[in-house]
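Asker: Residue 385 in UniProt numbering is what sits at position 385 of the sequence shown, and the numbering runs on without skipping anything.
Don't be surprised by glycine CBs; every beta carbon is placed ideally from N, CA and C.
Could you have a look at this structure, given as structure tokens, before my questions?
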Amino acid sequence: MAVEHDQQTTGFGQVSRLKGLVFEYLSFGASVVGILALAVLLIYVTVDAFELNNASPEWLLTYVATLVVPYVGFCLYSANDREVTRRVALALGGGLIATPLIINGFELLVRPIPRLGWHLVYLFVVVIPVTCYSTYVGSQRPLGRVGFGFVGRLLGGTALGIAMILLFVVFDQYLWLLTYTFGLIPAAAALAYSRYRESDLAALLAYPIGAAGLGAAFYVRGLFDVYPTTWLIFVWTLAIPASGAVAAVVARDEDTRTGLVLGGVAFLLAVGGSFAAGQVGMESKNVLLVLLTTGIPTVAFGRRMVTAERERIGLLLPVLIVAGAVLGTVLVRTMGFPGPNSWLDPSFVTGSASSTPRKAGFYPPIVGSVMIIAFVALVSFVLGVGSAVFLEEYASDSGITGTITRVIQINIANLAAVPSVVYGLLGLGLFINLLGLGMGAIVTAVLTLSLLILPITIISAQEAIRSVPDDLRNGSYAMGATRWQTTKNVVLPEAFPGILTGTILALGRAIGETAPLIIIGVPHLTYSPPNGIWDQASAMPLQIYVWSHSAIGEFRYGVLAAGVVTLLFVLIGMNATAIILRNRFER
């Protein structure tokens, strides 16, 4: 016999919509205030770095007419949407009329913003947002995808070329030749064989083979003093791999024959063009680098020329951009429109420190920071992902092992909240006083910053690995795969986008840290870039810190702002590379 119980229904009572609306708009207002504060800060830094406040309105409007308007027009033509075109045209034209009226005509209501005239307000409030919006809507169509894809490959090739130059300037080119020959090629061959034969042993042997090749390179470097010319080194270590990459990519997307043909064309363009330039008195190695960074991406994308006519028009986008920039420069120089006297120019990026603001350079700290963050990324990624894999996939949750695992997890969570200056003291005591790695050396900075971001990397990698469904693991085990095969082929590929997201955040913190570098004795000021990881090198945050305390006002405003913008560019480039890799793995 069933027993009846009295049931009491408890309701939520009267729901107050007012509280929900207040919370919603307070949250929205806080977001808007935060975004606007950051935008204003970035605007002022940009204005100081490029001295845009000294540019005349005529100078700005000339470049808007010759560069921005044709570019926006291409984007709108690609979008093929009349409503979007009408809104964009109204924003550009209406903003040009409304901005000076608001700034100058209603001075009693809207005070002129310090150091920002109406033309700069028009640039930051109207031109840049409209250009970004037009880029987005234009890139959604086939014509836009072709054009922006071509420009993206050219920009990527240029970034790769800058990395090549840094590589050969900072490191010994002969050591790079030997490392590539004895280390990278055998390791790549072992990895290729492992993929072809599906051999885990060959994949594992690739790493000791590469390490042995690196050791052999250091040994052979000390035996000989005569090596090939720089041009031949570039051909062997850069032109051949780049051409092979073009052939592989095209063969994957099209067919093997087309890939081999375009790979051969890319090789002949780079090598033949640089050799011919050397015969007429030009630096063949410099021409080779230019052709590698511009010609090879063009060849790789050249197969788009055989597609539909409307898509083929997209290849005119880089021509449109270059022509607009050249035409704008000619007009402003012909008409004599005063432009900005930018602090951030090629001499700033390639020069060294100076007591004169206009002669101050940022090159040694740039190289130091790039070297430090590159090795920090390598060390923290390997150790962080390895630790996360062990804790999530191999460590037991029961017994004494489970207790140790929980203690480790608690300590990792606590270490993520430790102030950065404590890690600086740890680096000073462990790596300098105990191990004697050198005061202010790059290797000391790398290990210290790696320890700083290691807890963040481990925690983010653990969360990404936990997010992989157990059904995938069980399916792999059901097919007879071992735990290592399941981890390598199933878990890590699925978790890799999340791992990269955490790594991006961690590296963003590491590149801006100053306190640990001061504690371990990294010099505030250097006049030459480092030659290896055992040398002392300054870093961009430290140099910016020195400029901020200068008694000369131009250092505290113009030069410091140029350094901040350069640091942001490096950070954005680093994050963009990681984001591209993450998106590829997500697809």
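For residue 59, which option in 336, 360, 315 and 475 has the closest C-alpha, if you only look at C-alpha atoms?
Answerer: Comparing Cα positions, the closest option is 336.
Asker: Following the continuous alpha helix (DSSP H) through residue 366, name the residue where it begins and the one where it ends.
Answerer: First-last of the alpha helix (DSSP H) with residue 366: 363-389.
Asker: Which partner residues does residue 578 have in the DSSP bridge list?
Answerer: Bridge partners of residue 578: none, in fact.
Asker: What three-state label does DSSP hand residue 173 in the structure shown?
Answerer: Three-state DSSP puts residue 173 in a helix.
Asker: Whole-angstrom Cβ separation of residue 244 and residue 269, contact assumed at under 8 Å?
Answerer: Not confirmed; about 14 Å, so no contact.
Asker: Three or more C-beta pairs closer than 8 Å, one from the region 343-358 and one from the region 456-468: is that the case here?
Answerer: Too few Cβ pairs lie closer than 8 Å, so no.
Asker: Below 8 Å CB to CB, which residues in the same chain sit around residue 564 once its five sequence neighbours on both sides are set aside?
Answerer: Contacts found: 45, 49 and 544.
Asker: Between residue 131 and residue 398, what straight-line distance do the alpha-carbon atoms span, to the nearest angstrom?
Answerer: Residue 131 and residue 398: Cα-Cα distance of roughly 58 Å.
Asker: Does the Cβ of residue 92 have 16 or more other Cβ atoms within 10 Å, making it buried, or fewer, making it exposed?
Answerer: It counts as buried.
Asker: In this structure, does DSSP put residue 18 in helix, strand or coil?
Answerer: In the structure shown, residue 18 sits in a helix (DSSP, three-state: H, G or I).
Asker: Am I right that residue 220 and residue 178 are in contact with their C-beta atoms under 8 Å? What's the rounded C-beta distance?
Answerer: Confirmed, Cβ separation roughly 5 Å.
Asker: Does DSSP put residue 353 in a helix, a strand or coil?
Answerer: In the structure shown, residue 353 sits in coil (DSSP, three-state: anything other than H, G, I, E or B).
Asker: Closest to residue 246 by C-alpha separation, out of 77, 507 and 264, would be which residue?
Answerer: For residue 246, the nearest C-alpha among the options comes from 264.
Asker: Leaving aside the five residues before and after residue 395 along the sequence, list all residues of the same chain whose C-beta is less than 7 Å from its C-beta, in chain order.
Answerer: If we look at residue 395 and ignore the five residues flanking it on each side, its Cβ neighbours are 401 and 405.
Asker: Should residue 356 be labelled buried (16 or more other beta-carbon atoms within 10 Å of its own) or exposed?
Answerer: Under this definition residue 356 is an exposed residue.
Asker: Please classify residue 4: is it buried, with 16 or more other beta-carbons within 10 angstroms of its beta-carbon, or exposed?
Answerer: For residue 4, the predicted model reports a pLDDT of 46, less than 50, meaning its position is unreliable; a value from the coordinates is still stated below. Exposed: under 16 other Cβ atoms inside 10 Å.
Asker: Below 8 Å, how does it come out for the region 193-208 and the region 247-257: are there three or more Cβ pairs, yes or no?
Answerer: Contact between the region 193-208 and the region 247-257 is absent, because fewer than three Cβ pairs lie under 8 Å.
Asker: Nearest by alpha-carbon distance to residue 527: which of 361, 552 and 21 is it?
Answerer: Taking only the C-alpha atoms, the option nearest residue 527 is 361.
Asker: How big is the Cα-Cα spacing for residue 222 and residue 429?
Answerer: Each residue's Cα considered, the two are about 34 Å apart.
Asker: Under 8 Å by Cβ, that's how I've got residue 456 and residue 416 pegged, so tell me the actual separation to the nearest angstrom.
Answerer: Right, their Cβ atoms sit about 6 Å apart.
Asker: The alpha helix (DSSP H) that contains residue 457, what's its start and end?
Answerer: It spans 442-466 - the alpha helix (DSSP H) in which residue 457 sits, taken as one unbroken run.
Asker: State the Cα-Cα distance for the pair residue 469 and residue 498, rounded to the nearest angstrom.
Answerer: Going by the C-alpha atoms only, they are around 14 Å apart.
Asker: Taking 7 Å as the limit between beta carbons, can you name the residues of its chain near residue 538, skipping five residues before and five after?
Answerer: If we look at residue 538 and ignore the five residues flanking it on each side, its Cβ neighbours are 364, 365, 368, 522, 523, 524, 525 and 526.
Asker: With a threshold of 16 other CB atoms inside 10 Å of the CB of residue 43, please say whether the residue is buried or exposed.
Answerer: The residue in question, residue 43, is buried, as its Cβ has 16 or more Cβ neighbours within 10 Å.
Asker: I'd like the span of the alpha helix (DSSP H) that includes residue 121, first residue to last.
Answerer: 118-122 is the span of the alpha helix (DSSP H), which, as asked, contains residue 121.
Asker: Could you give the first and the last residue of the continuous alpha helix (DSSP H) run that contains residue 335?
Answerer: Residue 335 -> alpha helix (DSSP H) spans 317-335.
Asker: Taking the straight line between their C-alpha atoms, what separation do you get for residue 207 and residue 40?
Answerer: Computed Cα separation, rounded: 48 Å.
Asker: Apart from the five residues just before and just after residue 1, which ones in its own chain have a Cβ nearer than 8 Å to its Cβ?
Answerer: With a pLDDT of 41 at residue 1, under the threshold of 50, the modelled position of this residue cannot be trusted; read the value that follows with caution. Nothing listed; no residue qualifies.
Asker: To which residues of the same chain is residue 6 closer than 7 Å at the C-beta, ignoring the five residues directly before and after it?
Answerer: Unreliable placement is indicated for residue 6, whose pLDDT of 47 sits below 50; no coordinate value is reported for it.
Asker: Rounded to whole angstroms, what is the Cα-Cα separation between residue 493 and residue 585?
Answerer: Going from the Cα of residue 493 to the Cα of residue 585 covers about 7 Å.
Asker: Taking the alpha carbon of residue 512 as the reference point, which residue from 370, 97 and 490 has its own alpha carbon closest?
Answerer: The candidate whose alpha carbon is nearest that of residue 512 is 370.
Asker: To the nearest whole angstrom, what separates the beta carbons of residue 446 and residue 376, a pair I think is in contact under 8 Å?
Answerer: Yes, they are in contact, since the Cβ atoms of residue 446 and residue 376 sit about 5 Å apart, within 8 Å.
Asker: Taking the alpha carbon of residue 72 as the point to measure from, which residue in 147, 20, 459 and 477 has its own alpha carbon closest?
Answerer: Out of 147, 20, 459 and 477, 147 has the C-alpha closest to the C-alpha of residue 72.
Asker: Is there at least one non-hydrogen atom of the ligand SAM closer than 6 Å to the beta-carbon of residue 427?
Answerer: The model on display carries no ligand, and the ligand SAM is accordingly not part of it.
Asker: Using only CA atoms, which one of 278, 345 and 329 lies nearest to residue 338?
Answerer: For residue 338, the nearest C-alpha among the options comes from 329.
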